[in-house]
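Now the structure itself:
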């Protein structure tokens, strides 16, 4: 009689589809996954310990490098936490600029993430190239505002580093004209595509109660049917002034997460349109002029969180009254979203593992810190 | 369990095809998207508001379009005109640098040992710099700014530890790459620079590649100033002919000529404004006189005489005036019927021994002529001064002649 | 489902889980300076729970109060006070601010019952706490290092871990 054996193989850490240096220890029986253990730490830079030795302002460029795909969102979470701890007020115009930047980041994250997901499915960078084109436009805007494309270092305590340059709003208006076309085209290209549906429908199902138990956040949670969005659950900044919807899925498979992200791009565009309409009437300047940047918060602890494109990004800071944080902890969404990876992959094929991982949308900078 | 949300709705995403299709037709339809992109790729994209077309930027044939705010790698600024660096070594950039790659030492006055608002050595480790821009943001003197270079690849690792002489850029360079940012900072930066310059002794605080030149020039000018008020027939001791090929008057003449040619715009990177000799805007007459003086000086030097350090033709308005006055006095004295003091007619100063001798001779002759009661013609006028005009010596000669004329019976003579 | 603030939570927990709630004493965060103004101690309104009761308290929050979303387990090393403080942060699925439970364990024997069997989401948080601080979670199904390699010795985020140079890198780094 033939006997089968379970085989333990490594997917990664060097693998083009693992979204960074990430290793999955899979136990396979033939092609079917029996068990999967994620192993990471290859990008561990001990960011939290570095942060304890830097002052609060010096940590800002390091937060860029956490989720290096969306630097503005990291900056936002950190600035929010420190402002809560110190008690700095942010002028209205600065809030509008912040939300504008974060929503642009959300669009560019989803454009890239979906491109990579489609790449993982074997469609070889068609959508990725289209998505990268949209990203380039937005990155050009970031470059003209903050000085760098990816490592923006744009947020400061009490506002943003610099006001928007003169050509920012016209170019943004131009971009908004192109945006519905991009999303519609993406849907036309992908949504009904039979191959995509075969490869993503019913794959990697994360049931709703399991999603909550695993404390996943972001599009993964919403794809599973729980309508939890930090922007609506505990509104921060000026999100309570904008109309936008929260898309949720029903089944919790890869297809649902894909659709949720596409819809979120539309909602982000909606928010940006409202910002463009309301920004000229905003009062204040781009930064609170009374806010000192070398802050010395009072003794205390704070947790500040935002809805980053990948999920809930939070900073837990403990201050001992000096200029350096006593404890600086990052609650990284990609890290926690990896918890159910084993459960999600069990019973599927090896080829599906890559697709499921792509649908969770991780960035190793965040996972490993 | 669902949250109640305001200003929005919870939208369930619609799965599956939006319309009934034959199996496989959605794929064909999506190929239409790819087809459209392919067709449009033959056209260059018009702008942001289009998602079709080619966006390719043919780098490096096309230079990269960099917005003004782009930042990569810090540099230190120095002033074009004075050569002074704006940095005062206040240490704010080194303190704020997150990876701590900036190191500097403060300049000290060599005489007193006190700290001076200038920087002695400044090091940035380019390989660890994350170009966050904090140093440029906090600098109170606007001296460290973010450059925009990104083509820094090298195989020489130690060269990425950059020292001050490689970090310096003129302000004109930064104003060229970031005009709006510099325009905001310019006024206060230059004002603070003036304050710093006042407190910097000697050549401390000048950009390294300019220090030698400026120090030498200053020495030269100091020497020229020391010799400019000509002593009594004394040749100037420290002729600055040592290091330079041109004498100060010749240099001044050259500069004046250049200025005349350029129409009063300052010459290109003029390191330091030359001092007194070129104070006057050039005019053709002055130019000629300056050239003449230069030739005379060369001849005098060739003759083995000590090079006259007296400034050339338009040395200064004061001297010119004095010479004119002496001439007028001589004329008046002559008109009054006194014995013509011969020497003043020849205001040319005997700055060389030969001329001095000739002047003495003329004075003696005048005395004799006066003693003889003749109205001596201005014989010594025939003595053309072979030396460059020395107004003060001319004045002196005039005075002596007057004295001689006043005391015709004084046998002692002026000498 | 009611939204509670910290005081209400403490009241309810004291009532329903007797013996779980401890008095939240202020903590000295860093070593106080020899002279000059002394920094204040860290006070917080969050409920301090007995470490052995943490699982019961957490499941009470989830089942009775509806705070089903465990966001974060943060560890803080208070070297001066010689304790580790763990902060468990819960959110209500319907939205609203967080409720936090804190537990304190001594630094020399940091053992905490693991929340993972009851709450799978705590898995990676606890592994991270184990890897970086050395806190042992009793009952964790797979308590292994998560960032550092398995044979690594030492707990990097502890305040007494050498910031420069150790036996892996050498003294000069």
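Residue numbers (this note's numbering), protein chains in the order written: chain A, 1 to 369; chain B, 1001 to 1415; chain C, 2001 to 2173.
Cβ coordinates follow ideal geometry from the N, Cα and C atoms, glycine included.
Small disclaimer: the values here were computed from a predicted structure and weren't measured.
Range covered by the beta strand (DSSP E) that runs through residue i
i              : result
residue 315/A  : 311-319
residue 1177/B : Counting along the chain, residue 1177/B falls outside any beta strand (DSSP E), though it belongs to the alpha helix (DSSP H) covering 1171-1177.
residue 1145/B : 1144-1146
residue 1117/B : 1115-1125
residue 8/A    : 7-11
Chain-order list of residues whose beta-carbon lies under 7 Å from that of residue i (same chain, five-residue window excluded)
i              : result
residue 230/A  : 305, 306, 307, 312
residue 135/A  : 108, 111, 112
residue 1167/B : 1075, 1076, 1122, 1124
residue 1374/B : In this predicted model, residue 1374/B has a pLDDT of only 48, less than 50, meaning its place in the structure is not dependable; the value taken from the coordinates is given anyway. If we look at residue 1374/B and ignore the five residues flanking it on each side, it has no Cβ neighbours.
residue 1265/B : Caution applies to residue 1265/B, whose pLDDT of 42 falls short of 50 and renders its modelled position unreliable; the model cannot decide the point.
Contacts around residue i, its chain only, beta-carbon distance under 6 Å, and the 5 residues preceding and following it disregarded
i              : result
residue 1269/B : For residue 1269/B, the predicted structure reports a pLDDT of 39, less than 50, and the residue's modelled location is therefore unreliable. The matter cannot be settled from this model.
residue 343/A  : none
residue 336/A  : 215
residue 1040/B : 1052, 1053
residue 1234/B : Low local confidence applies: a pLDDT of 44 at residue 1234/B is under 50, so the model's placement there is unreliable, and no value is given.
residue 1087/B : 1076, 1119, 1143
residue 106/A  : 268, 309
residue 2130/C : 2143
For residue i: DSSP bridge partner residues
i              : result
residue 273/A  : Its beta-bridge partners do not exist; DSSP assigns none.
residue 1213/B : Answer is none; residue 1213/B lacks a bridge partner.
residue 37/A   : 25/A
residue 2102/C : 2048/C, 2087/C
residue 328/A  : 317/A
residue 308/A  : 311/A
residue 2113/C : 2138/C
residue 1104/B : 1122/B
residue 46/A   : Paired residue(s): none; residue 46/A is not in a bridge.
residue 2078/C : 2083/C
residue 1084/B : 1206/B
residue 1078/B : 1085/B, 1170/B
Top-ranked residue by Cα proximity to residue i, from the options
i              : options                        : result
residue 1170/B : 1092/B, 1146/B, 1083/B         : 1083/B
residue 180/A  : 23/A, 266/A, 49/A              : 266/A
residue 56/A   : 358/A, 221/A, 318/A            : 318/A
residue 2059/C : 2101/C, 2079/C, 2030/C, 2028/C : 2101/C
residue 303/A  : 2014/C, 2072/C, 2043/C, 2134/C : 2072/C
residue 352/A  : 145/A, 254/A, 100/A, 316/A     : 254/A
residue 1092/B : 299/A, 209/A, 294/A, 119/A     : 294/A
residue 121/A  : 24/A, 5/A, 200/A               : 200/A
residue 2076/C : 316/A, 161/A, 7/A, 6/A         : 316/A
residue 301/A  : 290/A, 324/A, 62/A             : 324/A
residue 210/A  : 2124/C, 2096/C, 2114/C, 2119/C : 2119/C
residue 235/A  : 95/A, 52/A, 28/A               : 95/A
residue 2029/C : 2081/C, 2022/C, 2129/C         : 2081/C
residue 12/A   : 194/A, 2/A, 31/A, 37/A         : 37/A
residue 1197/B : 1400/B, 1145/B, 1078/B         : 1078/B
residue 2065/C : 2009/C, 2135/C, 2147/C         : 2009/C
residue 18/A   : 272/A, 248/A, 357/A, 367/A     : 357/A
residue 1102/B : 1150/B, 1163/B, 1148/B         : 1163/B
residue 2115/C : 2160/C, 2155/C, 2086/C         : 2086/C
Rounded distance between the beta-carbons of residue j and residue i, thought under 8 Å
i              : j              : result
residue 350/A  : residue 33/A   : 7 Å
residue 1177/B : residue 1134/B : So it is not a contact: roughly 19 Å between Cβ atoms.
residue 2150/C : residue 2144/C : 6 Å
residue 385/A  : residue 252/A  : Chain A is shown from 1 up to 369; residue 385/A falls before or after that span and cannot be answered.
Endpoints, the alpha helix (DSSP H) within which residue i is located
i              : result
residue 195/A  : 194-200
residue 146/A  : 126-146
residue 334/A  : 333-337
residue 232/A  : 230-233
residue 168/A  : 168-190
residue 2129/C : 2123-2133
8 Å Cβ shell around residue i - same chain, five flanking residues per side excluded
i              : result
residue 1111/B : 1201
residue 2017/C : 2053, 2056, 2057, 2060
residue 2042/C : 2026, 2027, 2028, 2029
residue 1016/B : none
7 Å Cβ cutoff, residue i in contact with chain F
i             : result
residue 316/A : You won't find chain F in this structure, because its protein chains are A, B and C.
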